[in-house]
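K.L.:
One structure is given below, represented as structure tokens, and several questions about it will come after.
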Amino acid sequence: DGGGGGGGGAMKPPVEGGASSDETRSSSSASGATGGVPQLPAADPNADIPVLKLGEAMKLDHMGPVIINVDGTTRRIDNWNEMTEKEKEVTWRRIAKRNKQRREALMEKLQSEEAAELEKQQDDRTDGP
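In my numbering, the protein residues as written are 1 to 129.
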């Protein structure tokens, strides 16, 4: 026996709650449920949904600029759709300039942290037994 299991028939692992997967399937099919997993509705074939293929890019400019926070997290402007075109233009320029500064600061911080970690590793090697 090279299967790694012992004895007669194959044992199925219990599903959460202690029931085997067969018991769970039979009880859910008896009640008409689909295993308790919510199902998404079928897609509307007439909907104008863009298709994105691997390697392609899609612009999301209509959602407004992505803001890079000081800690590196990102967010968007909540009221972008309520802004006038002039407000959007000014905001986009200001955020682009600020994002560039924040990206540069984050890269410098990352590089200094990596350099400090590398120096620590080298110190650990030279201080070893």
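Each residue gets a CB set at the ideal place from its N, CA and C atoms; glycine is no exception. As the structure is a computational prediction, the values presented were derived from the model and not from experiment.
(1) What does the Cβ neighbour count give for proline 65, buried or exposed, with the cut at 16 atoms within 10 Å?
(2) In angstroms, rounded to a whole number, what distance separates the CA positions of arginine 102 and lysine 86?
(3) Measure the C-alpha to C-alpha separation of lysine 97 and proline 41 and round it to an integer number of angstroms.
(4) Would DSSP call isoleucine 95 helix, strand or coil?
(5) Can you say whether valine 49 is buried or exposed, counting buried as having 16 or more other CB atoms within 10 angstroms of its CB?
(6) Please name the residue, chosen from Glu104, Gln122, Arg125, that lies closest to histidine 70 on a Cα-to-Cα basis.
(7) Do asparagine 99 and isoleucine 68 have their C-beta atoms within less than 7 Å of each other?
(8) Mind checking who isoleucine 68 pairs with in its DSSP beta bridge?
(9) Distance check for glutamate 114 and glutamine 122, CA to CA, integer angstroms please.
(10) Between the alpha carbons of leucine 52 and lysine 59, how many angstroms are there, rounded?
(11) Would you call the CB atoms of leucine 110 and glycine 72 closer than 7 Å?
P.N.:
Judging by the given coordinates:
(1) Position 65 of the sequence shown holds residue 65. If you draw a 10 Å sphere on the C-beta of proline 65, you find 16 or more other C-beta atoms in it, and that means buried.
(2) Here the question's residue 102 lines up with position 102 in the sequence shown. Here the question's residue 86 lines up with position 86 in the sequence shown. Roughly 24 Å separates the two Cα atoms.
(3) Working through the sequence shown from its first residue, we reach residue 97 at position 97. Working through the sequence shown from its first residue, we reach residue 41 at position 41. The alpha-carbon atoms of lysine 97 and proline 41 are separated by roughly 43 Å.
(4) Position 95 of the sequence shown, counted from the start, is the residue given in the question as residue 95. The answer is helix: DSSP assigns isoleucine 95 an H, G or I state.
(5) By 1-based counting over the sequence shown, the position of residue 49 is 49. The sequence shown places isoleucine at residue 49, rather than the valine named in the question. With fewer than 16 other Cβ atoms within 10 Å, it is exposed.
(6) Sequence index remark: in the sequence shown, residue 70 carries index 70 (1-based). As written in the sequence, residue 70 is valine, which differs from the histidine given in the question. Glu104 is the residue among Glu104, Gln122, Arg125 whose C-alpha sits nearest the C-alpha of valine 70.
(7) To locate residue 99, count along the sequence shown from 1; it is residue 99. To locate residue 68, count along the sequence shown from 1; it is residue 68. Cβ atoms of asparagine 99 and isoleucine 68: closer than 7 Å.
(8) As a working note, residue 68 is residue 68 in the sequence shown. DSSP output for isoleucine 68 lists Thr74 as bridge partner(s).
(9) In the sequence shown, the residue the question calls residue 122 occupies position 122. In the sequence shown, the residue the question calls residue 114 occupies position 114. The C-alpha of glutamine 122 lies about 12 Å from the C-alpha of glutamate 114.
(10) Start at 1 with the first residue of the sequence shown, and residue 52 comes out as number 52. Start at 1 with the first residue of the sequence shown, and residue 59 comes out as number 59. Whole-angstrom Cα-Cα distance: 11 Å.
(11) Translated into the one-based positions of the sequence shown, residue 110 becomes position 110. Translated into the one-based positions of the sequence shown, residue 72 becomes position 72. Contact: no.
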